[in-house]
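Take a look at the structure below.
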Amino acid sequence: MLSRDQMTGIASNQQCDTYAWFSQRAWVEIDLEALSHNVKQLKQLLLPRTQLMAVVKADAYGHGAVTVAQTALQSGASWLGVATVPEGIQLREAGIQAPILILGATQTPEQIHAIAHWKLQPTLCSPKQALIFSNILEAINYASPVSVHIKLDTGMSRLGTNWQAAAEFVQLVERLPHLTIASVYSHLATADSPDPAIMAEQHSRFKTAIAQIQKIGIKIPSLHLANTAATLADSQLHYDMVRVGLGVYGLAPAPHLQHKINLKPVLQVKARVTQVKTIAAGTGVSYGHQFVADREMRIAVVAIGYADGVPRNLSNKMQVLLRGQRVPQIGAITMDQLMIDISQLPEIQEGEIVTLLGDQGKEQITADDWAAQLNTISWEILCGFKHRLPRVGVI
Ligand SMILES: *Cc1c(COP(=O)(O)O)cnc(C)c1O
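Residue 313 is where the sequence shown starts when you use this note's numbering, and the numbers rise one by one after that.
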């Protein structure tokens, strides 16, 4: 991630400095103050004893894992969640010492060695996986026990042991050498739905599983179930920890949950105007000439395209912000560039900054807007921005 200083020339709108033009044609801005605000708002929803895990998998939903993790930990999060072993190692190599839960499946010897070495905490989803862990740690004669998290499938049908076999599974892991159970958890499939029925069923299965584990006399230090949606929907679901991704990044999982909290979007996507021109009526724009000017038009070329993560399916549908106004995108979005109609702003200069996601003046375009246009979810939009776009921290 570049600092604001390294990005000098990008922030000032009219500057046509060569470095900024060519090396920073387009970028992602990360508002660390908004991130910190979101974490604090989320923490306020919780009882003091309930921990907040910031889920920073997939490079913190495209925001940059190390910076997000550091800011989240400074703002009230005490755990981090990642999907893979390399994601966990990246955080450790940056000097982060907070507990890190790997939410995905792991079981190769290389993964297990790395988990032990870097003090990461794996999710255990089956008796077979638990045995593999224990055997491999035994083989390398690993001295201190590895903290593991028992995953129950209560209705997501993704990772986890069936909730009805919870007690048996926990008992097996408890008896295995080299493993210590740090938590039991499950994941909800419909927490963002306005209809709570399926979530209630999953919650009831979770409670039953916990009761059965208690019945055999095993004490579990921590229980957790809630993602962002469940955290906002019902404090009964908070237990000892909540695992929050989307909310940390400032988006509500569903419109009916928006009013529960004041969140600020963290990520903005910006790019430069690289050429402006006037085209005559009847002129086609971009590949396939899907757009043909019906009048003389002023257009601008913007240095960002689908190889940066602007979905090509937004061609001729999306708008961008320029000088605080909404401006329509025209023609097919190409790999590295796209065109916009600036007939309403004919004085636009080359080098000016276009906001694709984010706000300018009173106007705002969010990942939710793109998700609605593309019939997908904001999570996918955020994860879609490529590494070609530098991440710039803004404080
Ligand atoms: C990704 C993930 C989360 C976070 O989900 P959000 O909806 O982004 O809050 C929580 N728990 C698990 C197991 C996950 O995989």
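For glycine and all other residues, C-beta sits at the position ideal for the given N, C-alpha and C. Keep in mind it's a predicted model, so treat the numbers as computed, not measured.
Restricted to the segment 390 to 437, the beta strand (DSSP E) segments that are unbroken, complete and at least 3 residues in length are 391 to 394, 412 to 414 and 433 to 436, listed in chain order. Remark: the shortest separation between the CB of Leu436 and any heavy atom of ligand 1 does not fall under 6 angstroms. Taken through DSSP and simplified to helix, strand or coil, Pro577 comes out as coil. Residue environment: His499 is assigned as buried (16 or more neighbouring CB atoms within 10 Å of its CB, all protein chains considered). Minimum Cα-Cα distance from Leu403 among the listed residues Val585, Gly621, Gln419 and Ala372 corresponds to Ala372. Taken atom to atom, the span from the alpha-carbon of Leu347 to that of Val460 is near 29 angstroms. Distances between the C-beta of Gly557 and the heavy atoms of ligand 1 include at least one below 6 angstroms. By the neighbour-count criterion, in which a residue is buried when 16 or more other Cβ atoms sit within 10 angstroms of its Cβ, Leu634 is buried. Here Gly670 carries a strand assignment [DSSP, helix/strand/coil]. In the structure shown, Ser534 falls within a coil segment according to DSSP collapsed to helix, strand and coil. Per DSSP, the unbroken beta strand (DSSP E) holding Gln637 starts and ends at Gln637 to Ile642. The C-alpha of Lys369 is placed about 33 angstroms away from the C-alpha of Gly636. If you ignore the 5 residues before and after Ala593, its C-beta comes within less than 7 angstroms of the C-beta of Ala605, Asp606, Arg607 and Glu608, all in its own chain and listed in chain order.
Between the beta-carbon of Met365 and that of Arg584 there is about 37 angstroms, and that puts the pair past the 8 angstroms contact cut. Relative to ligand 1, the nearest heavy atom lies less than 6 angstroms away from the CB of His499.
Within the same chain, Leu464, Trp475 and Ala478 come within 6 angstroms of Ala521 by CB-CB distance, once the 5 residues on both sides are set aside.
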